[in-house]
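Let me begin by presenting the structure, written as structure tokens, before commenting on it.
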Amino acid sequence: MIRVQNLVKKFGDFEAVKDISFHVERGEIFAFLGPNGAGKTTTIKMLTTLLKPTGGTVEIDGLNPANAQTEVRKRFGIVFQDPSLDSELTAYENMEIHAVLYHVPRAQRIERTERLMKLFELWDRRKDAVKTFSGGMKRRLEIARSMLHTPKIIFLDEPTLGLDPQSRNQLWTHVKHLNETERVTVFLTTHYMEEADRVAQRIAIIDHGRVVALGSSQELKQQTSTATLEEAFLALTGSAIRDESGSAADAMRQMAQMWGRKR
Amino acid sequence: MNVIYILWLREVRRYFRSRAQIVASLGQPVLYLVALGFGMGPIFQKAGNGSYLQFMAPGVIGMSVLFMSIFSGISLLFDRQFGFLKETLVAPVPRLQIMLGRTLGSATSAIVQGTLVFIVCLIAGFRPQHLASIPLAFCFMAMIAVMFTALGTAIGSLLTDMQGFQLVMNFLVMPIYFLSGALYPLNGLPRVFGFITSLDPLSYGVDGLRTVLTGSTHFGLATDASVLVCIALLFIGLGSYFFSRIEL
């Protein structure tokens with residue numbers, strides 16, 4: 000479903016992604032783990048047509064994201080690291096916009112919106128503005144929305160960031176359910192190792208732009224002779240702290256949060 | 000349903016739901032009408048130019064359309080920082096359609112805002128020369144709205160944070176307003192200053208509104224309309240170009 004070969008991405012002199020290769024089978028849940036700044040988000044951007052690779056090849060369902068952009072975009076759904084909902088609109092309106100942007104026929108749009116919103120336990124709140132939702136509800140809405148156009152793959156970039164254990168648990172139960180019922184391929188990143196351990200069939204660990212290990216959770220633990228995936232992860236990537244520089248977007252989000260609290 | 004329509008609808012829905020903001024943004028035009036309209040009125044009258052309120056009302060309408068258009072164009076910056084823009088940019092649709100939907104939606108909100116201010120002007124005592132001129136006035140409001148929303152979109156595509164916002168306000172929006180002849184007649188100005196006002200696109204918008212609503216003109220209706228259409232097209236081109244170059 001996803002095939003990556005010798006993928007390279009350079010930003011000026013900096014090589015964010017250095018010659019990585021892997022593939023993801025149809026219907027698989029694949030976890031892509033790594034410390035901050037390891038190249039996860041850059042790789043996802045290249046897989047999802049948002050960045051052009053400097054070298055190497057990417058295939059999504061047999062198509063190249065660099066030249067079959069529109070076709071590739073129809074085939075995947077994505078949940079970004081930070082929220083991408085319109086919080087002034089209602090949950091239902093957010094779903095509606097997505098369906099129209101992805102050219103989902105009207106009858107199917109109505110039927111599928113209802114089914115997904117019921118599945119994600121959001122149907123009763125469909126007429127409420129998204130700004131009144133909790134973090135967990137917003138995440139669920141984003142995942143429901145990303146499934147609306149029946150994609151073959153969904154990309155989940157740290158979907159559980161900032162959620163409480165209850166919401167995280169529930170979210171992964173839903174994702175697993177979708178994976179089983181709709182046979183959707185799931186490509187996820189997370190910093191919570193126990194989540195990857197629980198849901199992913201195979202795990203790739205990436206550090207400094209390279210894939211340092213790839214296999215099932217069991218295989219990774221054996222390979223590093225450790226008891227948990229977290230220990231295996233630390234054994235493979237070391238325990239030095241990675242600092243990412245903050246962007247203007249981070250500063251603004253922080254400001255927005257402060258304002259939100261004042262009101 | 001179509002992509003342009005749904006994005007248009009989004010902007011319009013957002014506008015009508017921000018009631019507090021709608022009321023708040025009526026404050027400034029009311030202040031201008033009351034403080035300047037009544038305060039400067041007697042002097043204007045003595046100078047032999049007739050009623051100042053009658054003169055400045057089209058300018059205040061033009062101002063509110065200008066502010067609203069630029070702001071909603073720049074709201075692109077918020078969408079970019081708070082995420083929704085990504086949802087639209089990763090969808091399998093051409094960016095031009097996204098840009099057009101947004102621009103038309105924001106322009107519609109600006110026209111509604113202009114209409115509200117028009118009503119406020121009527122309450123304050125402004126009287127258009129005849130009712131038949133009102134549809135034409137809407138055409139001019141629409142041209143001002145489209146022109147400046149497209150400009151706002153172009154600026155919003157280039158800015159990456161809020162620091163630039165103040166800069167745009169002080170060095171672009173306020174000069175556009177004060178140099179437009181919204182508050183004073185353009186006839187008989189010193190030559191250099193007069194030349195500068197003739198470079199301001201809003202001058203043509205306000206003059207167009209004033210011509211159809213009150214009958215007094217500076218550039219002439221045909222010049223007003225053709226300059227506005229040309230500049231609107233230019234700004235739409237610029238807006239689409241910069242919008243197409245946004246990287247996430």
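From first to last, the protein sequence lines stand for chains Y and F.
Positions 0 to 262 (numbering that gives the first Met the number 0) are the ones given, in order, by the first sequence.
Positions 0 to 247 (numbering that gives the first Met the number 0) are the ones given, in order, by the second sequence.
Note that CB positions come from ideal geometry on N, CA and C, so glycine has one too.
Of the choices F:140, F:223 and F:60, whose alpha-carbon is the least far from that of residue 31 of chain F?
F:60
Nearest residue (CA-CA) to residue 223 of chain Y, options Y:77, Y:235 and Y:80:
Y:235
Output the distance between the C-alpha atoms of residue 12 of chain Y and residue 53 of chain Y, rounded to the nearest integer angstrom.
12 angstroms
Which class does residue 84 of chain Y belong to by DSSP, given the choice of helix, strand or coil?
coil
Exposed unless 16 or more other CB atoms sit within 10 angstroms - verdict on residue 44 of chain F:
exposed
Please list, in chain order, the residues of the region 182 to 197 of chain Y that have any C-beta partner in chain F closer than 8 angstroms.
none
Who are the Cβ neighbours of residue 205 of chain F in its own chain at under 7 angstroms, not counting the five residues just before and after it?
57, 58, 61, 179, 180 and 181
Are any of the Cβ atoms in chain Y nearer than 8 angstroms to that of residue 57 of chain F?
no
Would you decide whether residue 131 of chain Y is buried or exposed? Buried here means 16 or more other CB atoms lie within 10 Å of its CB.
exposed
For a minimum of 4 consecutive residues, which ranges assigned as the alpha helix (DSSP H) are wholly contained in the region 133 to 168 of chain Y?
134 to 145
Just the chain F side, please: which residues come within less than 9 angstroms of residue 49 of chain Y by C-beta, in chain order?
85, 88, 89, 246 and 247
Beta-carbon neighbours of residue 21 of chain F, restricted to chain Y and to distances below 9 angstroms
Going along chain Y, no residue has its Cβ under 9 angstroms from residue 21 of chain F, so there is no contact; the nearest lies around 14 angstroms.
So is residue 5 of chain F in contact with chain Y if we call contact Cβ pairs under 8 angstroms?
yes
Residue 121 of chain F to residue 9 of chain F, Cα distance in whole Å?
30 angstroms
Pair every Cβ in the region 178 to 185 of chain Y with every Cβ in the region 28 to 41 of chain Y, then say whether three or more of these pairs are closer than 8 angstroms.
yes
Reduced DSSP secondary structure (H/G/I, E/B, other) of residue 108 of chain F:
helix
Going by DSSP, name the residue or residues bridged to residue 282 of chain Y.
The structure shown does not extend to residue 282 of chain Y, since chain Y is modelled only from 0 to 262, so the question has no answer here.
Uninterrupted alpha helix (DSSP H) stretches inside the region 34 to 116 of chain Y (no shorter than 4 residues)
39 to 46, 68 to 74 and 90 to 100
What is the DSSP secondary structure of residue 214 of chain Y, reduced to helix, strand or coil?
strand
What does residue 18 of chain F touch in chain Y if you count any residue whose Cβ is under 9 angstroms from its own?
Result: empty, since nearest Cβ-Cβ is about 12 angstroms, beyond 9 angstroms.
How long is the line joining the alpha carbons of residue 243 of chain F and residue 237 of chain F, rounded to whole angstroms?
10 angstroms
Per DSSP, which one or two residues make a beta bridge with residue 173 of chain Y?
According to DSSP, residue 173 of chain Y bridges with nothing at all.
Within the continuous beta strand (DSSP E) that includes residue 206 of chain Y, where are the two ends?
201 to 206
Whose C-beta lies closer than 7 angstroms to the C-beta of residue 177 of chain Y among residues of the same chain, with five residues either side of it excluded?
146 and 183
For residue 99 of chain Y, decide whether its Cβ has a neighbour in chain F, counting only Cβ atoms nearer than 8 angstroms.
yes
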